[in-house]
Amino acid sequence: MKLLKTIIVFFSLLVLVSCEKTSGPDDNQTLALLALAVPQSVNLNFEALANGQNLVTGSNITADGRTVQFRDFRMYISEVKFVRADGTTADVTLSTDNLWQSNGVALVDLETTQTTETNSKVSGSVSAGNYTGVQFTVGVPETLNHLDRTNQISPLNNGSMYWSWTGGYKHAKIEFSFNAPTNWTSLHLGSTNCSGAPNYGNCTNKYRANITLSGISNINALTVSMNLDQLIKDHSPGAVNVSCMPGGGTADCQPLIRAFGLNVTSGAMDTSISQRVFSLK
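Heads up, the sequence shown is in UniProt numbering, so the first residue is 1 and it goes up one at a time.
Structure representation (structure tokens):
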């Protein structure tokens, strides 16, 4: 709807300029307004690097100086905004393909061991302007987090990224092992302490990571790089299966949750620490 209104404004201004027989300063101002009225394309390309190399799931790789194997690496991305130099933001309207993006939510899927299809791109449009940074949320917004996923269109119908109506979606699903295929660490970020029927939602502990990155050069081709060395840093589970579901988590899980900048107990962003996974390239 926002894009449609922008297009209508654009062509209305274009008609006004075309109707004038002579050009002048006012026309130049109008043309400047036209340029501002046209939305800019946005492409966020996500990558996951271990020891500087692209993630390959299902095979042993080196991360944090250790041999590790990932079998799952998926996360929902939403609430994308671009940041101006003065700190104000402009909302990004995510495109809809009903496969990887719908309802303002995108699924980034960098694994090939659970599914054959992958998606590394989040695309949309934003009002024209000069931007210095980007913001996004790792997770499904609260307004969409307690839907019946069987009635949703992709990617919100994904059963492996869903807990229940009460708990909602898994905002991120990352699974790896230091001694595959024996013991696995399952990091499933999702909201906890949620209200049940009949008022689903109102989760006290959100566990949605709000990420802000600076250093934009070209909003048409931005790469959001995820550092797997930093993600698994200080995580030493030993020879056991570790289920890292939010809600405090074990001592072994807490470094993984803090890597997203989240408080391990409250699930809110922790101002005393900084996320260490995401950066712009």
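All C-beta atoms, glycine included, are put in the ideal place defined by N, C-alpha and C.
Check: Terminal residues of the continuous alpha helix (DSSP H) containing isoleucine 257?
Finding: Numbered from 1 along the sequence shown, position 257 holds the residue referred to as residue 257. Element bounds for isoleucine 257: 254-258.
Margin query: With three or more beta-carbon pairs closer than 8 Å as the criterion, would you say the segment 166-178 touches the segment 68-78?
Written below: yes
Note to self: Once the 5 residues before and after serine 120 are set aside, which same chain residues still bring their CB inside 7 Å of it?
What the structure shows: The count along the sequence shown starts at 1 and reaches residue 120 at position 120. Result list for serine 120: Asn45, Phe46, Glu47, Val108 and Leu110, in chain order.
Next item on the list: Check the C-beta distance from glycine 190 over to tyrosine 207 and give it rounded, since I have them as a contact under 8 Å.
Entry: Numbered from its first residue, the sequence shown carries residue 190 at position 190. Numbered from its first residue, the sequence shown carries residue 207 at position 207. Contact holds; Cβ gap of about 6 Å.
Item checked: Of the listed residues Val42, Asp64 and Thr118, nearest to leucine 49 (C-alpha basis) -> Your numbering for residue 49 matches position 49 in the sequence shown. When each option's Cα is compared against that of leucine 49, the closest is Asp64.
Margin query: Threshold first: 4 residues or longer. Then list the alpha helix (DSSP H) segments lying entirely within the segment 77-106, N to C.
Written below: none
Item checked: Beta bridge counterpart(s) of tyrosine 169 as assigned by DSSP -> The residue you call residue 169 lines up with position 169 of the sequence shown. According to DSSP, which records beta bridges pairwise, tyrosine 169 is partnered with Tyr162.
Margin query: Here's a check: name, in chain order, each residue in its chain whose Cβ is nearer than 6 Å to the Cβ of proline 155, leaving out the five neighbours to either side.
Written below: Position 155 of the sequence shown, counted from the first residue, corresponds to residue 155. Trp100 and Leu107.
Note to self: Buried or exposed for arginine 84, going by 16 or more other Cβ atoms inside 10 Å?
What the structure shows: The sequence position of residue 84 within the sequence shown is 84, counting from 1. That one is exposed.
Check: Based on the DSSP secondary-structure assignment, which residues constitute the bridge partners of phenylalanine 178?
Finding: What you label residue 178 is simply residue 178 of the sequence shown in a count that begins at 1. Beta-bridge pairing links phenylalanine 178 to no other residue.
Check: Which one or two residues does DSSP pair with valine 242 in a beta bridge?
Finding: Looking up residue 242 in the sequence shown gives position 242. Answer is Thr185, bridged to valine 242.
Next item on the list: Helix, strand or coil for arginine 149, going by three-state DSSP, please let me know.
Entry: Looking up residue 149 in the sequence shown gives position 149. Note: arginine 149 maps to helix in three-state DSSP.
Next item on the list: Would you mind working out which of Gly133, Val134, Leu94 and Gln114 sits nearest serine 123, comparing C-alpha positions?
Entry: Counted from its first residue, the sequence shown places residue 123 at position 123. The option with the nearest alpha carbon to serine 123 is Leu94.
Item checked: Spatial neighbours of leucine 31 in its chain, beta-carbon cut-off 6 Å, leaving aside the 5 residues before and after -> Along the sequence shown, one-based indexing puts residue 31 at 31. The predicted position of leucine 31 is uncertain, since its pLDDT is 42 and thus under 50; a value taken from the coordinates is nonetheless stated next. Hits under 6 Å: none found.
Next item on the list: With a 10 Å radius around its C-beta and 16 neighbouring C-beta atoms as the bar for buried, classify isoleucine 273 as buried or exposed.
Entry: What you label residue 273 is simply residue 273 of the sequence shown in a count that begins at 1. So isoleucine 273 ends up on the exposed side.
Notebook entry, point to check: With 16 as the cutoff for other CB atoms within 10 Å, does glutamine 69 come out buried or exposed?
Noted result: Here the question's residue 69 lines up with position 69 in the sequence shown. Burial call: buried.
Next item on the list: Leaving aside the five residues before and after valine 80 along the sequence, list all residues of the same chain whose C-beta is less than 6 Å from its C-beta, in chain order.
Entry: Within the sequence shown, residue 80 is the residue found at index 80, counting from 1. Excluding sequence neighbours, valine 80 sits near Val92 and Phe136.
Margin query: Please report the distance separating the alpha-carbon of leucine 222 from that of asparagine 54.
Written below: In the sequence shown, the residue the question calls residue 222 occupies position 222. In the sequence shown, the residue the question calls residue 54 occupies position 54. If I take the Cα positions, the gap works out to 16 Å.
Next item on the list: Could you spell out where the alpha helix (DSSP H) holding glutamine 114 opens and where it closes?
Entry: Taking the first residue of the sequence shown as position 1, residue 114 is located at position 114. Taken as a continuous stretch (DSSP letters only), glutamine 114 belongs to no alpha helix (DSSP H), as it is neither H nor E.
Notebook entry, point to check: DSSP three-state call for leucine 228: helix, strand or coil?
Noted result: Within the sequence shown, the letter at position 228 stands for residue 228. Helix.
Note to self: Could you compute how far the alpha carbon of asparagine 157 sits from the alpha carbon of glutamine 254?
What the structure shows: Counted from its first residue, the sequence shown places residue 157 at position 157. Counted from its first residue, the sequence shown places residue 254 at position 254. About 29 Å.
Margin query: Please return the same chain residues whose Cβ sits closer than 6 Å to the Cβ of alanine 180, not counting the five positions on each side in sequence.
Written below: As a working note, residue 180 is residue 180 in the sequence shown. The answer, listed in chain order, is Gln69.
Notebook entry, point to check: What are the partner residues of lysine 121, as DSSP defines its beta bridges?
Noted result: Taking the first residue of the sequence shown as 1, we reach residue 121 at position 121. In DSSP, lysine 121 forms a bridge with Asn45.
Next item on the list: Tell me whether the beta-carbon of arginine 276 lies closer than 9 Å to the beta-carbon of alanine 251.
Entry: Mapped onto the sequence shown, residue 276 falls at position 276. Mapped onto the sequence shown, residue 251 falls at position 251. Not closer than 9 Å, so no.
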